[in-house]
């Protein structure tokens, strides 16, 4: 039996996302990978330290729809401010 160990391949292209300056327009136009990363970050951020480490896909999708709709109507707003408006506690 032969065991082959492979190095992990590097991502096709590395991207740095500065969420503190990203606008809703940049988010919407960012493509699937960027949208997924931002939505996942938002989900974790607004759960905070006290919530369980669970992703409820129904809640996740509902919040994603709300955020996408809000961002579509407010393209110049930062995603941080948009997230606070939509998901803030």
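Residue numbers (this note's numbering): 928 to 1016.
We put the CB at the ideal spot given by N, CA and C, even for glycine.
Report task. Going by CA-CA distance only, name the one from 974, 970 and 961 that's closest to residue 941. Result -> Sequence index remark: in the chain shown, residue 941 carries index 14 (1-based). Of the listed residues, the one whose Cα sits closest to residue 941 is 961.
Query raised in the report: Do you know offhand how far residue 998's Cα is from residue 959's?
Result: Position 71 of the chain shown, counted from the start, is the residue given in the question as residue 998. Position 32 of the chain shown, counted from the start, is the residue given in the question as residue 959. Those two C-alpha atoms are separated by around 15 Å.
Requested in this report: Starting from the C-beta of residue 995, find all residues in its chain whose C-beta is less than 6 Å away, skip the five residues before and the five after it, and write them out in chain order.
Outcome: Position 68 of the chain shown, counted from the start, is the residue given in the question as residue 995. If we look at residue 995 and ignore the five residues flanking it on each side, it has no Cβ neighbours.
Query - beta strand (DSSP E) runs wholly inside the segment 934-997, at least 3 long, in chain order - result: Fully enclosed beta strand (DSSP E) runs of 3 or longer: not present.
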